[in-house]
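Have a look at the structure below, then the notes.
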Amino acid sequence: MALDQSFVGRSYPPTSAYEVGREKIREFAESVGDRNPAYTDREAATALGHPDVIAPPTFVFAITFKAAGLVIEDPQLGLDYSRVVHGDQKFTYTRPVRAGDRLSVTSTIEAIKSMAGNDILDIRGEVHDESGEHVVTAWTKLVARAAAEEA
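Just so we're aligned: 123 in my numbering is position 143 of the sequence shown, and the numbers increase by one with no gaps anywhere.
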């Protein structure tokens, strides 16, 4: 069953603040194999004009995808997550994520399309710090594969 087009434009409440820690940034940078010293060394980051270490660009995915869970789990939307695959991800930054940031995410359904029996759901996550300053916008594309027809 196709997802309800009337959900396009629906926003969900902001998440509780996520506090970005130096160790989380270091662990993430290590896990993706990025050895940029601005991610692990405060002095290197401050030499580049940052107040503390910064996070690799894809670090914010963990925060925005968790926030997208509000959309995914909305029973009225009717998304069958057992058939979902991750289709795409992109980010537009106002500034880097920094250690010490307290970030919240507001998720909005930006588009719903049906193609070849698959539902394609685009979710926009607006990430702000605790002062309300915009940090990054993240787009997540999810594809709910068509259910196999029973014989």
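The C-beta atom is built at its ideal place from N, Cα and C for all residues, glycine as well.
Ser62: buried (16+ other C-beta within 10 angstroms of its C-beta) or exposed? exposed
Under a Cβ-count criterion, where at least 16 other Cβ atoms within 10 Å of its own Cβ denotes burial, should Gly105 be classed as buried or exposed? buried
Simplified DSSP assignment, three categories, for Thr117: strand
Throw me the rounded Cβ distance for the Leu57 and Asp(-16) pair, which I believe falls under 8 Å. 7 Å
Give the range of the alpha helix (DSSP H) segment to which Ala47 is assigned. Phe41 to Ile52
Pick from Ala(-18), Thr(-5) and Glu23: whose alpha carbon is nearest that of Glu110? Thr(-5)
Apart from the five residues just before and just after Arg125, which ones in its own chain have a Cβ nearer than 7 Å to its Cβ? Arg63, Val65 and Asn98
Of the residues Val116, Tyr73 and Leu122, which one's Cα is nearest the Cα of Ala91? Leu122
Contact set for Thr74: own chain, Cβ-Cβ below 8 Å, skip 5 residues either direction: Glu113, His114, Val115 and Val116
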